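Chemist: Pasting in a structure now, in structure tokens, and then I'll have a few things to ask.
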Amino acid sequence: MDVWFACVQNIRFIVEELNKHFVVPMKTNRKVALSKEDKQQGKYQRVDSLQLEENKTYQIWLEGIDFPMLLSNKSSKTRTVQQVFSI
């Protein structure tokens with residue numbers, strides 16, 4: 000789906016109501032926690048402030064979402080794209 004549809008309400012609907020998985024590009028200003036403990040303490044960071052290794056996948060918690068997701072940091076010759084996967 001397009002990044003414009005990647006709001007909290009749509010993500011929760013797809014996973015909780017439709018019981019489906021998805022892949023969506025992530026805007027760099029989205030806030031994530033890198034551990035469940037960070038989420039519980041409200042320690043979120045903007046995606047563009049993270050030091051992410053190229054072509055690596057991270058388990059994350061999006062702000063406003065109660066379940067973990069995967070963040071993939073894929074790089075090519077022209078750009079780097081962060082994508083979120085439901086698990």
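Mapping of the sequence shown onto numbering that gives the first Met the number 0: position 40 corresponds to residue 39, and the numbering continues sequentially without gaps.
Don't be surprised by glycine CBs; every beta carbon is placed ideally from N, CA and C.
All values reported here derive from a predicted model rather than from experimental measurement.
1) By how many angstroms is the C-alpha of K73 removed from the C-alpha of F4?
2) Pull up the CB-CB distance for G63 and V7, whole angstroms please, since I reckon it's below 8 Å.
3) Determine the closest residue to L17 out of V23, N9, P24, with distance taken between C-alpha atoms.
4) Near K19, which residues of its chain fall below 6 Å by C-beta distance, leaving aside the five closest residues on each side in sequence?
5) Ignoring anything shorter than 3 residues or poking outside the region 16-81, list the beta strand (DSSP E) runs there in chain order.
6) Could you name the residues of the same chain whose beta carbon sits closer than 8 Å to that of E15, not counting the 5 residues immediately before and after it, in chain order?
7) Would you mind working out which of L70, Q39, E36 sits nearest E52, comparing C-alpha positions?
Modeler: In short:
1) As the crow flies, the alpha-carbon of F4 is around 20 Å from that of K73.
2) 4 Å
3) N9
4) I13
5) 22-24, 30-32, 55-61, 68-74
6) The same chain holds no residue with a CB closer than 8 Å to that of E15 once the five nearest residues on each side in sequence are set aside.
7) L70
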